[in-house]
Each structure stands twice: as C-alpha cells, then as structure tokens.
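Asker:
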Amino acid sequence: MGKTQVAGLIGQTAVLNRLVQLGYEVLMPWADYLGYDLAYVVDKEETDLEFSKSRTVEMVRVQCKVAWLSKDRSYIAFNTATLTNRLTKKRTYHGIAEWFGVYSPDTQKVYMVSVSESGTKGSEMKLRLLPTRNGQEKYVRWAKDYEL
Numbered sequence: 002m003g004k005t006q007v008a009g010l011i012g013q014t015a016v017l018n019r020l021v022q023l024g025y026e027v028l029m030p031w032a033d034y035l036g037y038d039l040a041y042v043v044d045k046e047e048t049d050l051e052f053s054k055s056r057t058v059e060m061v062r063v064q065c066k067v068a069w070l071s072k073d074r075s076y077i078a079f080n081t082a083t084l085t086n087r088l089t090k091k092r093t094y095h096g097i098a099e100w101f102g103v104y105s106p107d108t109q110k111v112y113m114v115s116v117s118e119s120g121t122k123g124s125e126m127k128l129r130l131l132p133t134r135n136g137q138e139k140y141v142r143w144a145k146d147y148e149l
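Under this note's numbering, the first residue of the sequence shown carries the number 2, and numbering increases by one thereafter.
1. Count the C-beta pairs between the stretch 110 to 129 and the stretch 26 to 39 that are closer than 8 Å, then say yes if the count reaches three, no if not.
2. Taking all protein chains shown into account, do 16 or more other C-beta atoms lie within 10 angstroms of the C-beta of E46, making it buried, or fewer, making it exposed?
3. Ignore the nearest five residues each way along the sequence and tell me which others in I77's own chain have a CB closer than 6 Å to its CB.
4. Specify, as a first and last residue, the run of the alpha helix (DSSP H) that N18 falls within.
5. Would you decide whether D38 is buried or exposed? Buried here means 16 or more other CB atoms lie within 10 Å of its CB.
6. Quick one: residues in its chain with C-beta nearer than 7 Å to the C-beta of E148, no 5 flanking neighbours on either side, listed in chain order?
7. What's the call for T63, buried or exposed, on a 16-neighbour Cβ count within 10 Å?
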C-alpha cells in the first residue's frame, strides 16, 4: 500500500470514528467506483398534522479527504476533485457525495464541508485556522465553523 493510500485510510478511519462517536449509523459502500467513501443514516420523525407523524430515513454520502497544513500554519486545505486520467482531467463530487469529511492530522480534528460549497471546476478548498494578514473576513471559511 502506498503512502497516499495509507493517508487516505487514516483520514477515512478518523471520519468514521467521529461519526460513530456522535451516534450515527455508518455504512460502507461495497464498490470503489461509487465515488464516495462512506455514508451515514439520518432518521427523521416529523409531525405532519396534530395527530399524524411520519418517519423518513435518508442516506448521506461522504467523500473523505485528508487536509494539509499551509506553510505559515494559518489554514488547512484539501482537494475538492479527483483526477480521472491521472494527469489533467478533474472530476468533482457534485451528485456523487453530499459532504466532504475532512481529517487534519495537524489539528487532529474532523471537519464536515458540504460538496455544494466547492466549485464545479474542482480545486482546493481552504479552512482558516488563523486570521488573514490583511484582516479580510468576507468569504473566509473558518475551520471552527466546520468542526464535527
């Protein structure tokens, strides 16, 4: 097993562990080609009328990622796409997963980021740990807001 595969397995295990700690039922896909690493079950009970209740169960798909720390230690980043031909063609996770489960070995934390927040072209997404040098607040994604 290569270094990248080991890192991915560690990240996936960290996300799985955190979801289980929070009481979620976690599912593992049978096939690699499905495009997501794990899923969890959300069980909702809703009152439709005063006397009627309905229950829905949905599966939420998660693509696990391992974040890296920036050189100045001010943010963590992760890729929001995968290379399909190992060189240039990127595939995003829109329609394949609902969430990125991001593990940072540097912070020892798991973050959940909606796939819908990532661009449709696919690039890296940054979660800030420290304030920007110029004090910018607008469009900043703070890591603490995504912590699971």
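Glycine residues also receive a C-beta, built at the ideal position from the N, C-alpha and C atoms.
Answerer: With the structure as the only source:
1. Three or more Cβ pairs closer than 8 Å define a contact, and the stretch 110 to 129 falls short of that threshold against the stretch 26 to 39.
2. To locate residue 46, count along the sequence shown from 1; it is residue 45. Around the CB of E46, fewer than 16 other CB atoms lie within 10 Å, so the residue is classed as exposed.
3. Position 76 of the sequence shown holds residue 77. Excluding its 5 nearest sequence neighbours in each direction, I77 has C-beta neighbours in its own chain below 6 Å: A68, L70, S105 and L128, listed in chain order.
4. Position 17 of the sequence shown, counted from the first residue, corresponds to residue 18. Taken as a continuous stretch (DSSP letters only), the alpha helix (DSSP H) holding N18 covers K4 to Q22.
5. Working through the sequence shown from its first residue, we reach residue 38 at position 37. Buried.
6. Start at 1 with the first residue of the sequence shown, and residue 148 comes out as number 147. If we look at E148 and ignore the five residues flanking it on each side, its Cβ neighbours are K110 and Y112.
7. Position 62 of the sequence shown, counted from the start, is the residue given in the question as residue 63. The residue you asked about is not Thr; residue 63 is Val in the sequence shown. It counts as buried.
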